[in-house]
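Sequential numbering of the sequence shown, starting at 0, is according to numbering that gives the first Met the number 0.
Ideal Cβ placement from N, Cα and C applies to all residues, glycine included.
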Amino acid sequence: MAPSPVGIEISKGKRKWKVGEILGHGACATVCSLGKIENGTCTETNFAVKLAPLPVKKTKKGNSPQEMNAKLLYYEQMIYTTQFRGLQGKLIPNVPNLSNSRDPPIYGDESGYRFFTLERMDTTISAVVPSLLMSKSSSKTINVGPLAVKMLECIKAVHETKNVIRDVKTENFMLTLDKGATGSTPEEKLASRIRLIDLAIATQWTTMYCETDEGGDLIGTPLYSSLNVHSGKKTSFRDDLESLGYVIAEILMQLYSGDQSKQLPWSSGKSDEDIGSMKQSLVGDKESEFYRQLGNTKTTEVFLEYVSVVRGYSFKKLPDYDDLSRILSKLTVPRKAMNSTTKKTAATKRTRNNKSPTNEDYVSPPKIARRSNRRKAASMIIEDEEGCPKNEIDDETVYADAHQELHDMDWEHCVDENEYPVEDSKPRTRSRAGRDPAPRRERTTKSSKAATKNVIDNDGKGRERMPPRELKRRGVRIVCTEGPHKGYIYEMEAGVNEIITIGSKPTSKVGELCSLKNDKNLKGTHVRLDLDMNRRLIAVKVTDKSNGKTYVNRDAVKSTKAFINDVITIGETSLAIKAL
């Protein structure tokens with residue numbers, strides 16, 4: 000057993016921070032408070048730190064529990080600081096600001112532990128139960144709508160980054176420490192503080208991943224897993240939303256019964272198979288005891304409508320989040336008096352001293368041990384961490400969900416069950432030295448002509464399906480979204496054009512030249528872009544040639560890697576990176 004991480008000092012330049020009390024234990028890491036050391040004294044901060052012990056000795060396959068936990072923490076901090084960067088502080092916890100010298104380091108290895116620093120949370124979403132039951136509202140019902148809608152917004156935001164969470168559960172929704180909540184009602188104020196945490200086993204929704212729903216493993220927490228996942232299907236957007244339904248159901252049951260320890264009826268299952276079987280029986284029967292425990296007839300009708308819509312989605316269907324939000328906004332539950340257990344919990348919370356609230360202030364009701372299956376997830380990611388930074392995130396480090404061969408991530412490239420793949424006729428726009436890139440024109444490439452000779456008609460209706468290997472183009476599309484050349488598009492494709500040099504009069508001995516001569520603020524040779532797929536994640540290496548006038552997501556860079564949906568700014572021009 001690894002020694003306690005309490006007392007470990009973390010450095011950033013001349014500044015130091017100290018790991019404080021343990022706030023909680025997760026599936027792969029221990030969560031502790033973080034204090035700042037100044038003038039010999041340690042002061043608590045609004046940050047917490049997740050720590051996973053590093054292996055004393057690495058195994059040949061890298062699959063020991065400590066190695067896999069360390070990989071998961073590495074992967075989590077990378078997606079927080081890349082794909083989920085825009086969600087920080089709104090729907091997921093903040094992470095320290097790299098440009099602020101007073102903030103602690105985000106990530107690194109220290110004293111035998113790997114650490115990840117992020118915003119400190121208060122309590123889990125279950126803590127809203129005593130708060131709502133004790134509110135002085137004269138209403139005979141509790142409006143659960145704002146809470147359910149906010150949780151849906153968190154999941155929607157992650158889905159919009161083309162990621163599937165795969166482990167939606169009650170413990171992954173927490174409240175912020177910030178008491179300056181917004182809203183006119185107790186429910187709205189609580190909803191404004193909800194954040195989604197623990198995204199270590201999220202996976203990207205790619206063309207390869209969404210080819211079929213078969214061959215899925217039960218990765219996640221069985222108590223909240225969807226019926227599709229229990230039956231061996233891959234997790235999709237619909238399954239995250241079904242899991243959210245069970246999280247909401249548990250809160251409804253606790254509010255309706257006035258008992259904060261109330262659990263989902265299948266929590267008594269002794270195995271994953273038992274839980275799946277009980278869940279199938281109870282959820283599939285509209286007259287079952289499960290639905291009667293949710294509230295009155297109106298509560299049950301609204302919940303049934305939500306479950307019916309979500310379970311009706313196909314594997315590749317992009318959910319209608321607005322419709323789901325409309326349904327969940329109607330959720331109410333009759334107000335019940337608290338039982339003695341809930342009163343005692345609430346009273347204890349009120350009488351605490353002036354101690355800052357922490358993740359351990361609230362203790363969840365005991366549950367049957369059903370851990371997320373993260374060992375399997377960890378074994379599939381991060382095959383090589385030699386480029387992993389020691390103290391801070393290095394701009395050159397690329398994260399990879401390495402169990403997939405990652406391809407483009409646009410929704411429109413994921414073919415639904417009733418559709419056939421069609422030939423990709425989008426041309427490869429190239430610019431030439433000294434010329435402005437011309438608008439794209441439709442044309443037939445050699446490969447498409449060759450492919451057309453081998454067309455296969457599989458449905459007898461004249462629809463053509465191309466051989467799968469003819470469709471696999473890997474690369475990115477660089478789209479001018481702002482500036483004098485707005486609307487121009489450049490394509491970077493593996494094996495075709497992997498290097499582009501951009502400027503007002505660019506020069507280079509390699510790759511292609513893209514002239515943006517109408518942007519008067521550009522240098523002759525301003526920036527070089529290299530397509531990078533060394534770790535099977537599509538990225539673009541951005542190299543500044545203008546002495547500090549190149550920005551990625553508003554941060555000045557010399558050399559870094561940009562990802563899908565990142566924005567490169569040069570002069571008056573903004574270049575958005577899109578999937579090919």
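Item	Value
Would a C-beta distance cut-off of 7 Å place V539 and T559 closer than the cut-off?	no
Can you confirm whether I563, when its beta carbon is compared against all beta carbons of chain B, has any partner nearer than 7 Å?	The structure shown contains no chain B; it is built from a single protein chain.
Check each candidate in G244, K577, E20, L330 and name the one with the smallest Cα separation from R473.	K577
To the nearest angstrom, report how far apart D322 and V228 are at their CA atoms.	24 Å
Could you check where the beta strand (DSSP E) with R113 kicks off and where it finishes?	112-118
Please classify A555 as buried or exposed, where buried requires at least 16 neighbouring CB atoms within 10 angstroms.	exposed
Let me check understanding here. Comparing Cα to Cα, which of T42, T506, K316 lies closest to K161?	K316
Do V157 and S242 come within 7 Å of each other at the CB atom, strictly closer than that value?	no
Which residues in the same chain have their Cβ closer than 6 Å to the Cβ of S573, if we skip the five residues on either side of it in sequence?	T480, E481, V566
The beta strand (DSSP E) with D321 in it runs from where to where?	Careful: D321 lies outside any beta strand (DSSP E), inside the alpha helix (DSSP H) at 320-327.
Quick check on the burial criterion: 16 or more other C-beta atoms within 10 angstroms. Buried or exposed for K452?	At K452, the pLDDT of 41 sits below 50, so the modelled position is not reliable; the number obtained from the coordinates is stated separately. Classification for K452: exposed.
Using a threshold of 7 Å, state whether the C-beta atoms of T202 and V163 are closer than that.	yes
Can you check the stretch 47-107 for any alpha helix (DSSP H) of at least 4 residues that lies completely inside it and give the ranges in chain order?	64-80
Within 8 Å, do at least three Cβ pairs link the stretch 7-26 to the stretch 87-94?	no
With 16 other CB atoms within 10 Å as the buried threshold, where does G12 fall?	exposed
Considering only the beta carbon of each residue, do Y106 and P52 sit closer than 7 Å?	no
Three Cβ pairs or more, each shorter than 8 Å: is that satisfied between the stretch 127-134 and the stretch 301-312?	no
Let me know if G19 comes out buried or exposed under the rule of 16 or more other beta-carbons within 10 Å of its beta-carbon.	buried
So which of D271, K188, D102 has the shortest CA-CA distance to R14?	D102
Buried or exposed for K261, going by 16 or more other Cβ atoms inside 10 Å?	buried
Measuring straight from C-alpha to C-alpha, what distance separates I200 and K522?	43 Å
Out of curiosity, what's the CA-to-CA distance linking M491 and R476?	6 Å
Just the C-alpha distance for Y79 and E286, rounded to the nearest angstrom, thanks.	42 Å
Of all the options L195, E8, S63, which has the alpha carbon lying nearest to the alpha carbon of G39?	E8
According to DSSP, V583 sits in a beta bridge with which residue or residues?	It is not possible to answer for residue 583, since the shown part of the chain is limited to 0 through 579.
Considering only the beta carbon of each residue, do G294 and P264 sit closer than 7 Å?	no
With respect to the alpha helix (DSSP H) encompassing E300, which residues constitute its N-terminal and C-terminal limits?	296-310
Among the candidates P185, I193, G219, whose CA atom is the shortest distance from the CA of D177?	I193
What did DSSP end up calling Y245 once you bin it into helix, strand or coil?	helix
If you follow the alpha helix (DSSP H) that A561 is in, where does it begin and where does it stop?	Looking at the DSSP string, A561 is not in any alpha helix (DSSP H); the run it does join, the beta strand (DSSP E), is 558-561.
Quick one: what does DSSP say E404 is sitting in, helix, strand or coil?	Because E404 sits at a pLDDT of 31, beneath the cut-off of 50, its placement in the model cannot be relied upon, and the point is left open.
Just the Cα atoms here: how many angstroms apart are G219 and P54?	24 Å
For E187, report the span of its beta strand (DSSP E) as first-last.	It is not in any beta strand (DSSP E) - E187 instead sits in the alpha helix (DSSP H) that spans 185-190.
With S514 as the anchor, note down where its beta strand (DSSP E) starts and where it stops.	511-514
Using the Cβ count rule (16 or more neighbours within 10 Å means buried), how would you classify P95?	buried
Go to G275, then tell me how far its alpha helix (DSSP H) extends in each direction, as first and last residue.	271-283
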